[in-house]
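> Here the sequence shown is numbered in my numbering, starting from 140 and rising by one per residue.
Here a beta-carbon is modelled for each residue, glycine too, at the ideal position from N, C-alpha and C.
Below is one structure. I have some questions about it.
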Amino acid sequence: MSTPSEKYAVFRSDQEHPAVKEFRALYDFELDEFQLRACAALEDGHQVLVAAPTGSGKTLVGEFAVHLALQRGQKCFYTTPIKALSNQKYADLVSRYGSDKVGLLTGDNSINSEAPIVVMTTEVLRNMLYAASTTLLGLSYVVMDEVHYLADRARGAVWEEVLIHLPDSVSVVSLSATVSNAEEFGDWLETVRGNTVVVLEEKRPVPLFQHVMVGKRLHDLFAGEAPTARVGAPKPAKSGNPAKANQVDIKDLVNPQLVRIARDDNRIFRDDSRKPRRRRDLPKSRPTRTHFTPYRSDVVEELDAGALLPAIYFIFSRKGCEDAMLQCLRSGLRLTKPSERDEIKRVLAERTADLPDEDLGVLGYHDFSEALSRGIAAHHAGMLAAFKEVVEELFARGLIKVVFATETLALGINMPARTVVLEKLSKWNGEAHVDITPGEYTQLTGRAGRRGIDVEGHAVVLWQPGFDPRAVAGLASTRTYPLRSSFSPSYNMAVNLVRQVGRTRARDMLELSFAQFQSDQAVVGLARQVQRNTEALEGYKESIDCHLGDFLEYADLRRRIGEREASGSKRRKLDRRVEAQESIEKLRIGDIIRIPAGRSAGWALVLDPGMRSEREGPRPTVLTLDRQVRKLSMIDFPTPVEAIGSLRIPKKFNPRNPQQRRELAQVLRTRSDMLGEDGPPSRARGRDVVSHADDPELQEMRAQLRAHPCHGCSDREDHARWAERYFRLDRENREVQRKIEQRTNTIARQFDRVCQVLDALHYLDGDKTTEAGDRLARIYTELDLVAAECLRQGVFDDLTVPELAACLAALVYEARSKDEPTSPRLPRGDVRLALERMGSIWRDLSALERDMRVDFLRSMDLGFCWPAFRWASGASLAEVLYESDLAAGDFVRWVKQLIDLTEQVADAAGPTPLRSTARAVVDQIRRGVISYASMVDEP
140 MSTPSEKYAV FRSDQEHPAV KEFRALYDFE LDEFQLRACA ALEDGHQVLV AAPTGSGKTL
200 VGEFAVHLAL QRGQKCFYTT PIKALSNQKY ADLVSRYGSD KVGLLTGDNS INSEAPIVVM
260 TTEVLRNMLY AASTTLLGLS YVVMDEVHYL ADRARGAVWE EVLIHLPDSV SVVSLSATVS
320 NAEEFGDWLE TVRGNTVVVL EEKRPVPLFQ HVMVGKRLHD LFAGEAPTAR VGAPKPAKSG
380 NPAKANQVDI KDLVNPQLVR IARDDNRIFR DDSRKPRRRR DLPKSRPTRT HFTPYRSDVV
440 EELDAGALLP AIYFIFSRKG CEDAMLQCLR SGLRLTKPSE RDEIKRVLAE RTADLPDEDL
500 GVLGYHDFSE ALSRGIAAHH AGMLAAFKEV VEELFARGLI KVVFATETLA LGINMPARTV
560 VLEKLSKWNG EAHVDITPGE YTQLTGRAGR RGIDVEGHAV VLWQPGFDPR AVAGLASTRT
620 YPLRSSFSPS YNMAVNLVRQ VGRTRARDML ELSFAQFQSD QAVVGLARQV QRNTEALEGY
680 KESIDCHLGD FLEYADLRRR IGEREASGSK RRKLDRRVEA QESIEKLRIG DIIRIPAGRS
740 AGWALVLDPG MRSEREGPRP TVLTLDRQVR KLSMIDFPTP VEAIGSLRIP KKFNPRNPQQ
800 RRELAQVLRT RSDMLGEDGP PSRARGRDVV SHADDPELQE MRAQLRAHPC HGCSDREDHA
860 RWAERYFRLD RENREVQRKI EQRTNTIARQ FDRVCQVLDA LHYLDGDKTT EAGDRLARIY
920 TELDLVAAEC LRQGVFDDLT VPELAACLAA LVYEARSKDE PTSPRLPRGD VRLALERMGS
980 IWRDLSALER DMRVDFLRSM DLGFCWPAFR WASGASLAEV LYESDLAAGD FVRWVKQLID
1040 LTEQVADAAG PTPLRSTARA VVDQIRRGVI SYASMVDEP
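The structure is reproduced here in structure tokens:
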């Protein structure tokens, strides 16, 4: 900052933005240009969207909103997507402004909720808006951290609900990861919230270098400078790929040594795979890979030797993370100094002092403690929240050197590292193994490089069989990950909106969603396409014009004749297939047939008629004259087949025995010689093929064609070619118009169907909610309508505390894997009867949804009913985890969600005995590790 012009620019900025000047003085480092721009816009009264890479410091803009609110005597809400992040931000703000000025609301906790600054989860703010909470009075700023969560399929709608329903007087600061359509998102915010300034930052705060570890050796991924290592790189082109922006093929950027290693390694096994696999043909020495995936402990040792620790080692498996930690323990790996070990033990003892001693064993405390003391840890959603919190704190302080983590660690928690390791580039998404996307790769590797500590960050991908370095380079250099809305109106949302503003206004508000905005943006492009097509069609008409008459009419007649002929041919072909299939089904073991087509065409003996398959039809197994046993399909029978004769097949005939096949084939050959070369005529032979002459409608159209004036045109075929182009484009145009109709008002139409369901069930009465609708408005769960119907029908009324806990567990739990038992253990007695009634209610509601063409209610999952019942009955943690095979962290998370729903049910039940029972459930299950975990939670 040496030139007079630069000094003057700073002076003018300080004069125009005194709040920014005062805020800058709070930090001992210079703010980045994008941070200053965003803060200045906020001070000028604009709303702000900041899209910047992980670790770039975009949360500082949110903290400036907090500073402005306190300076002006106003109120600011700071929202986060997960409770752990809320707890972390609460601690940060308390350390700066003091506990008297900062509150926390996460559902579990309510600390100083009327403070001028309140940190909360986004769902809490959504619920406050629907309840018209008095806490909203005086609210001037809302910071929406990690706003790109609105793309989350399960929870994303909450972010849009908040942005749509916040009062216009509230200024919103939206903080997002780098997305390729930030301008589009900013345009939507401008539409919904008013004047919004979009601040984009493409530059990483620390350059990132990409590597591949083959065996114990680290190779650079790129031959030259990695695209992510360029400081101040230009903004990527619309393609999102810097390589394309510079007209450089990605294969030219990849390290040629890696390409050669991959080619040689794959060639060994590709060549070997082509060799026979019968035991006698196997070579004595099998080829071995010259390159291999390194052991996890070896990876850590190599990183330590290269001064590349601390590191986050991503393994997309909870069990894999635990195994990796134990492998490092068994290998004797130790990464800490004695002083660091002492501090680790002190922090661990302090943070886990309130955990019941009897639960420590079942929680795996001793292995966890030993690993921590060596600077090694695991971090995943199946861990107890208290353990995760310890790992996060120790890693942030540099005491933990390597963390084996699942991808949940990349979701907002502030845990930067020098190096990030990706063990694999595919993960299990609950249904299948899928490759990670460029956006996920960037999110994960974005943790590498600690601002103000590291000069550079490093991303390391481990070599795996079938590794393609070009694909990895594509992931590392692609920046196309657009933000896509997952918004969809729910039953709870509908009753809350109708209750507040009426049905018509609610419908109009939902039309403001980002989902509809994106759909409308797509419609604009489609409308332009329709316009271009329409102009082209007019041009085609001029080329088709015939002086003898209406050639389009003539061409349409020709087209309909062609379609009629094709339809007749298809119908006859289908009839022949059905007839052939029926003939095959009549075959019996020992029948001699003549296969009409295929590579097995000729005489054959039926060994097995085959079972009929709905998709493929019957597949008989036969013995051919050349002694081959073949399994035939419908392709081999274009015409029907019939048995010409039969042979007796020996009882002990083994089709795998060459000698027996040879003898039976010789008998078949003898019989076939007696039948002659062609055999008797099949049923298909001699039959007259149904011709087009048998179709009177087709003959009538042909007569009209010959009588048409244009039939004698000398340019008829030239006109016909233009007409064919016309009809093809007209079909495409109609399809585009159909897409426009489907995308216009999609959210409003969906809202109408939701309201139809609620009307049918009497939750809505015009623009008002009924008593049942008021109960539904208090229930926020995926199966909200099922819970409301159970309340209305009295399913929960006479249940005991453990029984109610078990039934409500069926409404919150969802198995991580489809492989979990479909018939889980259930309590006996009234619980089973209540669950049966709940299942009947769910089926009735699902049928109603099908009639109304909506699909919101997932199936109930009974997998947590028994653990909830046992925990509410007073069983110990060890007993419940042993009986249910749940991870401790999963158990805690599901119990906390059960507490949330139970409190909602108590609120919705009104002054009834059920309210007392529900509150007793909460008191009974909020104990032990659940009670201790009140200050922390999983994502």
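Identify whether E155 lies in helix, strand or coil by the three-state DSSP scheme.
Looking up residue 155 in the sequence shown gives position 16. DSSP, read as helix, strand or coil, puts E155 in helix.
> Starting from the N-terminal side, write out each stretch of the beta strand (DSSP E) that is 3 residues or longer and does not extend beyond the region 675-742.
Runs of the beta strand (DSSP E) inside the region 675-742: 730-734.
> Taking only three categories from DSSP, how would you classify V318?
In the sequence shown, the residue the question calls residue 318 occupies position 179. In the structure shown, V318 sits in coil (DSSP, three-state: anything other than H, G, I, E or B).
> State buried or exposed for L951, treating a residue as buried only when at least 16 other CB atoms are found within 10 Å of its CB.
One-based indexing of the sequence shown puts residue 951 at position 812. One point to set straight first is that residue 951 is Val, not Leu, in the sequence displayed. V951 is buried by the Cβ-count criterion.
> May I ask you to verify whether the region 278-295 touches the region 307-326, counting CB pairs closer than 8 Å and requiring at least 3?
yes
> Would you verify that the beta carbon of T763 is, or is not, closer than 9 Å to some beta carbon of chain B?
Judged by its chain identifiers, the structure shown contains no chain B, having just a single protein chain.
> Measure how close the beta-carbons of L1060 and L930 come, nearest whole angstrom, since I'm counting them as under 8 Å.
Walking along the sequence shown from the start, residue 1060 turns up at place 921. Walking along the sequence shown from the start, residue 930 turns up at place 791. A small correction: the amino acid at residue 1060 is Val; Leu does not occupy that position in the sequence shown. With a Cβ gap of about 15 Å, V1060 and L930 do not count as contacting.
> DSSP puts L278 in a beta bridge; with which residues?
Counting from 1 along the sequence shown, the entry for residue 278 is found at position 139. For L278, which the question treats as bridged, DSSP gives the partners K214.
> Do I788 and G737 have their C-beta atoms closer together than 9 Å?
To locate residue 788, count along the sequence shown from 1; it is residue 649. To locate residue 737, count along the sequence shown from 1; it is residue 598. Contact flag unset, no.
> With DSSP as the reference, label R623 as helix, strand or coil.
One-based indexing of the sequence shown puts residue 623 at position 484. It is coil, neither helix nor strand.
> Between the alpha carbons of V573 and K878, how many angstroms are there, rounded?
Here residue 573 refers to the residue found at position 434 of the sequence shown. Here residue 878 refers to the residue found at position 739 of the sequence shown. When rounded, the distance between both Cα atoms is 29 Å.
> Who are the near neighbours of V637 in its chain, counting only those whose CB is closer than 7 Å to its CB and skipping five residues on each side?
As a working note, residue 637 is residue 498 in the sequence shown. If we look at V637 and ignore the five residues flanking it on each side, its Cβ neighbours are A645, L903, D906, T908.
> Taking all protein chains shown into account, do 16 or more other C-beta atoms lie within 10 angstroms of the C-beta of V159, making it buried, or fewer, making it exposed?
For the purposes of this step, residue 159 is identified with residue 20 of the sequence shown, where counting begins at 1. Buried is the call here.
> Look at F543 and Y452 and say whether their C-beta atoms are less than 9 Å apart.
As a position in the sequence shown, residue 543 is number 404, starting the count at 1. As a position in the sequence shown, residue 452 is number 313, starting the count at 1. It is a contact, given that the beta carbons lie within the stated cut-off.
> Just the C-alpha distance for S962 and W1005, rounded to the nearest angstrom, thanks.
Counted from its first residue, the sequence shown places residue 962 at position 823. Counted from its first residue, the sequence shown places residue 1005 at position 866. Roughly 12 Å separates the two Cα atoms.
> On the criterion of 16 or more Cβ atoms from any shown chain inside 10 Å, does Y1021 qualify as buried, or is it exposed?
By 1-based counting over the sequence shown, the position of residue 1021 is 882. The residue is exposed, with fewer than 16 neighbouring Cβ atoms inside 10 Å.
> Near T218, which residues of its chain fall below 6 Å by C-beta distance, leaving aside the five closest residues on each side in sequence?
Along the sequence shown, one-based indexing puts residue 218 at 79. Answer for T218: M259, T261, L264, M283, listed in chain order.
> Check whether the Cβ atoms of C849 and G741 lie closer than 9 Å to each other.
Within the sequence shown, numbered from 1, the residue matching residue 849 stands at position 710. Within the sequence shown, numbered from 1, the residue matching residue 741 stands at position 602. It is not a contact, given that the beta carbons lie outside the stated cut-off.
> How would you write the range of the beta strand (DSSP E) that G596 sits in, first residue to last?
On the sequence shown, residue 596 is found 457 positions in, with the first residue counted as 1. Per DSSP, the continuous beta strand (DSSP E) segment holding G596 begins and ends at 596-601.
> Quick one, which of A180, S853, R733, S629 has its alpha-carbon nearest T335's?
As a first step, residue 335 must be located in the sequence shown, where it is residue number 196. Among A180, S853, R733, S629, the Cα nearest to that of T335 is on A180.
> On the DSSP letters alone, give me the boundaries of the alpha helix (DSSP H) that H845 sits inside.
What you label residue 845 is simply residue 706 of the sequence shown in a count that begins at 1. Reading off the sequence shown, one finds Arg at residue 845, where the question assumed His. Where R845 is concerned, the enclosing alpha helix (DSSP H) stretches over 835-846.
> Which one of R703, D937, E674, D969 has the shortest CA to CA distance from P1052?
For the purposes of this step, residue 1052 is taken as the residue at position 913 of the sequence shown. Checked all of R703, D937, E674, D969; the closest Cα to P1052 is D937.
> Could you pull out every residue in the same chain whose Cβ sits closer than 7 Å to the Cβ of D898, ignoring the five residues on either side in sequence?
Locating residue 898 in the sequence shown gives position 759, where the first residue counts as 1. Correct list: empty, nothing qualifies.
> Say whether the region 185-200 touches the region 167-174, bearing in mind that this needs 3 or more beta-carbon pairs closer than 8 Å, one atom from each stretch.
The region 185-200 makes contact with the region 167-174: 3 or more CB pairs, one atom from each, lie closer than 8 Å.
> Exposed or buried, H505, counting other C-beta atoms within 10 Å across all chains shown (16 or more means buried)?
Here residue 505 corresponds to residue number 366 of the sequence shown, with the count starting at 1. Its Cβ having fewer than 16 others within 10 Å, H505 is exposed.
> Nearest-angstrom Cα distance between H519 and V940?
Translated into the one-based positions of the sequence shown, residue 519 becomes position 380. Translated into the one-based positions of the sequence shown, residue 940 becomes position 801. So the alpha carbons of these two residues sit roughly 32 Å apart.
> Where in the region 920-1006 do unbroken runs of the alpha helix (DSSP H), each at least 4 residues long, occur, reported from the N-terminal end onward?
Runs of the alpha helix (DSSP H) lying entirely within the region 920-1006, each at least 4 residues long, are 923-931, 940-951, 969-991 in chain order.
> How should A404 be labelled, buried or exposed, when 16 other C-beta atoms within 10 angstroms of its C-beta is the threshold for buried?
Numbered from its first residue, the sequence shown carries residue 404 at position 265. First, the amino acid is wrong: residue 404 is Asp here, not Ala. So D404 ends up on the buried side.
> Using only CA atoms, which one of L268, D462, T558, R513 lies nearest to V345?
What you label residue 345 is simply residue 206 of the sequence shown in a count that begins at 1. Of the candidates L268, D462, T558, R513, the one whose C-alpha sits nearest the C-alpha of V345 is T558.
> Quick one: does the C-beta of F526 sit closer than 8 Å to a heavy atom of the ligand ZN?
As far as ligands go, the structure on display features none, and thus does not contain the ligand ZN.
> What is the C-beta distance between I723 and V780, in whole angstroms, given that I count them as a contact (C-beta under 8 Å)?
In the sequence shown, residue 723 corresponds to position 584, counting from 1. In the sequence shown, residue 780 corresponds to position 641, counting from 1. Their Cβ separation, rounded to whole angstroms, is 6 Å, which keeps I723 and V780 in contact under 8 Å.
> Under a Cβ-count criterion, where at least 16 other Cβ atoms within 10 Å of its own Cβ denotes burial, should T273 be classed as buried or exposed?
Taking the first residue of the sequence shown as position 1, residue 273 is located at position 134. Exposed, because fewer than 16 other Cβ atoms sit within 10 Å of the Cβ of T273.
> By alpha-carbon positions, which one of F1030, A1048, A1047, T1056 ends up nearest to I1069?
Here residue 1069 is taken as the residue at index 930 of the sequence shown, counted from 1. Comparing Cα positions, the closest option is F1030.
> Which of the three DSSP states is assigned to L744 in this structure?
By one-based count along the sequence shown, residue 744 stands at place 605. In the structure shown, L744 sits in a strand (DSSP, three-state: E or B).
> Would the region 598-607 count as touching the region 627-637 if we require 3 or more Cβ pairs under 8 Å?
no
> Can you tell me whether L84 is helix, strand or coil according to DSSP?
The structure shown does not extend to residue 84, since the chain is modelled only from 140 to 1078, so the question has no answer here.
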